[in-house]
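Notes to accompany the following structure.
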Amino acid sequence: MKEPRIFIGPMSKNIVDTIIMYCEDENETIGIIPSRRQVESDGGYVNNWTTEEFSNYIKNKTSNLLLVRDHCGPSQGYTEDDGIESFKEDCKHFDVVHIDVWKKYQDYEEGLKATIDFISLGYELNPNLYFEVGTEESIRPFTPEELDSLLTDLESNLSNDVYSRVKYAVIQSGTALQGNVNIGKYDNSRLLEMIEVVTKHGLISKEHNGDYLHKDLLYDKFRCGLDSINIAPEFGQIETKVILGYMHNNNPELIEEFYDLCYKSKRWEKWVPNGFVPEDNKLEIINICGHYVFSNPKFLELKGKLSGDVDREITSALYGRIESLFNNSKLNKNHLSIYRFFPMFLASQYQPY
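Start counting the sequence shown at 397; every next residue gets the next number (the numbering used here).
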């Protein structure tokens, strides 16, 4: 299996099926990255799949998908917990597990110990499992020096056999999501420093929150040497926009019912700024969290009232976006060498997102 450049969040069954279709059509590898809220040992909001059901569904359809648990760890699900029981189930079914304890442990030493404990347990349960370490900036910012310390300390505190299963390290260059936009302040010098750290340790660099980036910026992240990137909410929004278009053209009254379901879900609350007024931003509420209710029986009733083949159009839109992501992540080796060795030139080319 080729190492994926693109990792996509399974925000819906349509998204999962389209990823599988693309991988089979193009013989490409994609990483699929369910969070604990999306797919969990006792069921998540994506098609109500349990971890085992999700894994079996994928493995029965393709061998070109890398199954990666995103943000495994304490309090990463819907309830406050230590994350252990969820993790034990992950170890049975995933290829890679992202160990992310930093939501609970902001202190470096505490986070390091918890990371070591999770990796050690995971190796004991499944010695064939690989691990991703570190976290995204919105959970806990890391400097390049701290990331270097984390990888050095993990290597020092784990046996060679166990440390050899650490494969990915999360880098940070300023990405951040709010609503339907990437509000981060891109720092390409920091990106280059982070990539250098990860490369020094022989790991694969991986950035989170790659949603809504201009194609040229995405391309240049890879030209800097970034190995891979996560994209998730953007795909949920693509599907939501297609559904909204169908509602607008066929049954406009359904939009209010769609909004009501989204509003009552409260899943939009973490994505909006202070002072946000839902009643004045109904379409934005739907765009932010429509995918959270796709498996809700009431939403399925609404969707059933739409004329035409909405799922076919959703698949087409999702497929096109995956295709463009692959096109914009292909490396030009000449550019790669220039951008790695002349970071000041790169810094002059881009403004914040």
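C-beta: ideal position from N, C-alpha, C; glycine also.
Since the model is a prediction, treat every value here as computed from it, not as a measurement.
Measuring straight from C-alpha to C-alpha, what distance separates Y746 and K602? Below a pLDDT of 50, predicted positions are generally treated as unreliable, and Y746, at 39, falls in that range; the measurement from the model is reported next regardless. Cα to Cα, the separation comes out at about 21 Å.
First through last residue of the alpha helix (DSSP H) which encompasses V638: V638 -> alpha helix (DSSP H) spans P629 to N646.
Could you give the DSSP three-state label for V442: helix, strand or coil? coil
Quick check: the segment 544–555 against the segment 569–577, are there 3 or more CB pairs under 8 Å? no
Look at the alpha carbon of S451 and the alpha carbon of L463, and state the distance between them as a whole number of angstroms. 8 Å
Is the separation between the beta-carbon of Y615 and that of R561 shorter than 7 Å? Between Y615 and R561, the C-beta gap is not smaller than 7 Å, which leaves the two residues out of contact.
Closest to V442 by C-alpha separation, out of Y519, E399, D478 and D413, would be which residue? D413
Complete alpha helix (DSSP H) runs within the segment 519–579 (minimum length 4 residues, chain order): 540–553 and 556–559
Beta carbon of V593, beta carbon of P540: below 7 Å? A contact, by the Cβ cut-off of 7 Å.
Extent of the continuous alpha helix (DSSP H) run through G359: Within the shown structure, residues of the chain are numbered from 397 to 749, placing residue 359 beyond reach of any answer.
Under the three-state reduction of DSSP, which class applies to N752: helix, strand or coil? The shown model of the chain, from 397 to 749, leaves out residue 752, and the question about it has no answer.
Once the 5 residues before and after Y478 are set aside, which same chain residues still bring their CB inside 6 Å of it? According to the sequence displayed, residue 478 carries Asp and not Tyr. Same-chain partners within the cutoff: P470.
Classification of E649 by the beta-carbon crowding that lies within 10 angstroms, buried from 16 upward: exposed
When you compare only the Cα positions, how much space is there between V583 and F483? Val is not the amino acid found at residue 583; the sequence shown has Asp there. Straight-line Cα distance between these residues: approximately 33 Å.
Report back the beta-carbon spacing between F654 and L714 to the nearest angstrom; my notes put them in contact at under 8 Å. Rounded, the Cβ-Cβ distance is 19 Å, inconsistent with contact.
Work out the CA separation of E520 and E709 for me, nearest whole Å. 45 Å
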